[in-house]
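Just remember that our numbering sits 1 ahead of the position in the sequence shown, which is counted from 1. A short worksheet on the structure shown next.
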Amino acid sequence: MDGSIARPRPLLALAIRLATAVVLATMGMLVKLAGERGAHLLELIFWRQALTVLAVAGLLAAWGRLSTIRTKRIGAHARRAAYGITGMMFVYGAVMLLPLPEATAISFTAPFFAVVISVVLFGEKVGRYRWSAVALGFAGVLVITSPGFGLAEGSAINPLGAAVGLIAAFLVALISFQVQDLNTTETPWSIVFWFSAITAPLMALSLPFVSGVHDLETWGIILAMALCGALAQILLTTSLRFGSAAVILLMDYTSLLWATLYGWQVFGRAAPASLWIGAPLIIGAGALIAWRERQLARSRAQPVAVSERG
């Protein structure tokens, strides 16, 4: 289901993904904070991509490793950039439209979409365990987004925000397959660089229409958001180089703890009861998918081992 992995090192992949969850939660908090201070969605994406190009190119130049961004697969990078920038718009949009913990919980549906994508695009046969997990996960989404599950008065989830969050999760799952394919021939630095280098000029075209005048504190928030985005992109890409998407995506669930903490401390909003009911359903469903993936991987490996001994 996950495509090929360049250099399988599962424990390292899990550790990297745990760090990624912290950085992504922090970036989401900064995106929401900047949005509340008047920064436009497209403006934030431009700075995130532009600073990533500068950071990656600067580091590689300092290390004398600019050659690592050379590629013979610019077409594949362009396709990844098209999906990636669209996905980023939806991810940032969901964070702006929804409370941070709820936006984070809905993003956890990415593994369920990965199951659907594996069937539609790769023709994989999916049994009752994984289809049951998909159904259970989306039941969790319904709990989180329903006004009848313990939401406080005036805190009903924005239906548009929920839809944007689900589309974002679908695109994240789709992009994970693309990144894993690129990882078989490209370095993580190359993947991150070309994604940002292709999309930053496109986002720059929107600046005359969306950029605003900000105070120094807001610019500081935007800069911190962009730096978190650059670091997260490198960590995400590296984790997919060493581990399977279906398994390492489980580490993303830890970002809910950080998102809930930020929602409480930064935005003054405690998580509603619906989140604590729905999130375990989503997380449990994701864990079931990961468990089933491991079982299937072991069963596929056994005949190979037998044939090698023979």
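Glycine included, C-beta positions come from ideal geometry on N, C-alpha and C. These numbers come from a predicted model, not from an experiment.
> Between the C-alpha atoms of Trp-48 and Ala-227, what's the straight-line distance to the nearest angstrom?
Replying inline: 6 Å
>> Check whether the region 166 to 182 and the region 92 to 104 are in contact - that is, three or more C-beta pairs closer than 8 Å.
In response: yes
> What separation, rounded to the nearest whole angstrom, lies between the Cα atoms of Val-214 and Ala-136?
Replying inline: 46 Å
> What are the start and end residues of the alpha helix (DSSP H) that includes Pro-209?
Replying inline: 208 to 211
> For Pro-9, does the count of other Cβ atoms within 10 angstroms reach 16, so buried, or fall short, so exposed?
Replying inline: exposed
>> If the criterion is Cβ atoms closer than 8 Å, does the pair Ile-107 and Val-142 meet it?
In response: yes
>> With a threshold of 7 Å on Cβ separation, who are the neighbours of Leu-152 within its own chain once the five nearest residues in sequence on each side are excluded?
In response: Because the pLDDT of Leu-152 is 45, which lies under 50, any placement of that residue in the model is unreliable, and the number read from its coordinates should be weighed accordingly. Closer than 7 Å at the Cβ level, and outside the excluded window around Leu-152, lie Pro-273 and Ser-275.
> When burial is assigned at 16 or more other CB atoms within 10 Å of the CB, is Pro-102 buried or exposed?
Replying inline: buried
> Which parts of the region 192 to 265 are runs of the alpha helix (DSSP H), unbroken and 4 residues or longer, counting only runs that do not cross its ends?
Replying inline: 208 to 211, 217 to 243 and 246 to 249
>> My assumption, with CB atoms under 8 Å, is that Ile-278 sits in contact with Val-117. Please give the rounded CB distance.
In response: With a Cβ gap of about 24 Å, Ile-278 and Val-117 do not count as contacting.
> Straight-line CA distance for Val-24 to Ala-233?
Replying inline: 6 Å
> So, helix, strand or coil for Leu-31, using DSSP?
Replying inline: helix
>> According to DSSP, simplified to helix, strand and coil, what is Arg-131?
In response: helix
> Is the region 186 to 202 touching the region 44 to 58 in the sense that three or more CB pairs, one from each, lie closer than 8 Å?
Replying inline: yes
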